[in-house]
Amino acid sequence: MPISPSLVRELAHDCGFQLVRFGPADPGPHGQRFLDWLEQGRHGEMSYLEDNKERILAPDSWRKGVQSAIALAVDYGGPKAELRGGGQVARYAAGRDYHRWLKDRVFALRKRLEREGVPYGSCNGGADAVPVLERALAVRSGIGFLAKSAMVISPTHGPYLQLGELLTGMELPFDEPAIGTCGTCTACIDACPTGAIVAPHEVDARRCISYTTIELRGFAAPELREAQGDRFFGCDVCLEVCPFQKKSPLIDVHGEDRPKDLRPHALLSQWTLVDVLDLDEARYESEWVGTAMRRATRSGLRRNAAVALGNLGDPSAMPALLAALHDVDPVVRGHAAWAIGRIDPRHPQLDAARARETDAIVATEIERALASRR
Ligand code: SF4
Ligand code: SF4
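Residue numbers (the numbering used here): 1 to 374.
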């Protein structure tokens, strides 16, 4: 006997999803927007998007018999998150690694559905992991509307949404699109520190701090570093300025009062930016397990820490930055030089670093720092 849509919703709520909608499994007209975005190279180094574009556009090419998507969302709004003493962390990454808890919830729902008679293996679950355009599925099913920031905004829960989905062989009745638009608001476009929202609904990832501090490997573009400010991992500016953010039920819920998966990770109160600059492999592999911040890699986290320290301009960070000029990782050496150039470009150790540097990119970084003496 087919399962009733109301039971599917009930089970999804039981599994921890506040928003549950049914819609098509393919991205529909959002697919062309995605192709145009790829065509313009706005995905930067995220080649997995280019590599998987056929699968993304046509889920039935890899999931035979797919009929519908159960689109799911969890609100994660909350107070600003940062490391001890400064270094902002995007709210979605501040708690337990969302890849884990969201996947646990999606898979729990799949198991509950199978217990209710949905054929085993007929649902594919994902949470930022299967090749689908999650935002497109969320918009098409009515989780929210596509905002000018390119985020999905729920009229009832706001923009801080973790999205998940189950692609199913079930014929579920599709929900209506969400009611709401950005109207005449342009707050996110105006406030974006790097001008990454190049047009309404369109973000150039190459300029977006959420990309440059997380997905980008290697050296950050020098012209974007100052705008990064004290952001250590990701960026929430376009969400913070959004008038819909007040809709988030958790927006003012702090610390232990938050749901377990969304409580700030212990790392945040223990580590400073200076500590991260000195993060070694052993501690990265022990203490940083279970946080989404590992996505940036150890080198990326240390790079981000150097940039944030340079922007904070605190002279007490100088000993750590000077030590980082000797680091084995050229990315760390180069960004440490940049930060020193911001705090104390006349420091003699910059000259010594230039004299011994053999890596051409790092040498250019040091020369740029030295040039800021003038
Ligand atoms: S995350 Fe930050 S940098 Fe990226 S579009 Fe939003 S405001 Fe701009
Ligand atoms: S800040 Fe304004 S324009 Fe941007 S997403 Fe929110 S409502 Fe839309």
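Note that beta-carbon positions come from the ideal geometry of N, C-alpha and C, so glycine has one too. Quick caveat, the model's predicted, so the values are computed rather than measured.
Going by DSSP, name the residue or residues bridged to residue i.
i: V237; result: DSSP lists no partner for V237.
i: N311; result: Answer by DSSP bridge pairing: none, since N311 is not bridged.
i: T168; result: S68 and C123
i: F145; result: I153
i: I197; result: V203
i: Q88; result: E82 and R231
i: A73; result: L19 and L163
Ligand 2 and residue i: does the residue's C-beta get closer than 6 Å to at least one heavy atom of that ligand?
i: C235; result: no
i: K247; result: no
i: S149; result: yes
i: C242; result: yes
i: A178; result: no
i: C208; result: no
i: C188; result: yes
i: C15; result: no
i: C123; result: no
Which of helix, strand or coil does DSSP assign to residue i?
i: A305; result: helix
i: S154; result: strand
i: V328; result: coil
i: R231; result: strand
i: M293; result: helix
i: W101; result: helix
i: S6; result: helix
i: H30; result: helix
i: E176; result: coil
i: I56; result: helix
i: P264; result: coil
i: H13; result: helix
i: F244; result: helix
i: T212; result: helix
i: W37; result: helix
i: R374; result: coil
i: D257; result: helix
i: R96; result: coil
i: P222; result: helix
i: M46; result: coil
i: T364; result: helix
i: L321; result: helix
i: R356; result: helix
i: P348; result: helix
How about residue i and residue j: are their beta carbons less than 7 Å apart?
i: P330; j: V362; result: yes
i: V274; j: A317; result: yes
i: G169; j: G65; result: yes
i: G44; j: Y211; result: yes
i: Q88; j: R263; result: no
i: S68; j: L172; result: yes
i: T297; j: D97; result: no
i: A12; j: P59; result: no
i: F174; j: G23; result: yes
i: I343; j: A369; result: no
i: A90; j: D252; result: no
i: G142; j: L72; result: no
i: W375; j: E367; result: Nothing in the structure corresponds to residue 375, since the chain is present only between 1 and 374.
i: V241; j: A191; result: yes
i: C208; j: A220; result: no
i: E215; j: M46; result: yes
i: A93; j: M293; result: yes
i: L57; j: C123; result: no
i: K80; j: H157; result: no
i: L161; j: T194; result: no
So is residue i in contact with chain B if we call contact Cβ pairs under 7 Å?
i: W288; result: Among the chains of the structure shown, chain B does not appear; only one protein chain is present.
With 16 other CB atoms within 10 Å as the buried threshold, where does residue i fall?
i: T184; result: exposed
i: A355; result: exposed
i: E50; result: exposed
i: L7; result: exposed
i: G77; result: buried
i: T186; result: exposed
i: R255; result: Correcting the residue type first, residue 255 is Gly in the shown sequence and not Arg. Per the 10 Å Cβ criterion, exposed.
i: E39; result: exposed
i: S4; result: exposed
i: A199; result: exposed
i: A336; result: buried
i: K148; result: buried
i: L19; result: buried
i: L82; result: One detail in the question is off: residue 82 reads as Glu in this sequence, not Leu. Classification of E82: buried, given that the 10 Å Cβ count is 16 or more.
i: G121; result: exposed
Sorry if obvious, but does the Cβ on residue i come closer than 6 Å to a heavy atom of ligand 1?
i: A339; result: no
i: T194; result: yes
i: C238; result: yes
i: I153; result: no
i: I214; result: no
i: I251; result: no
i: V307; result: no
i: V376; result: No answer is possible for residue 376: it lies beyond the span of the chain, which begins at 1 and ends at 374.
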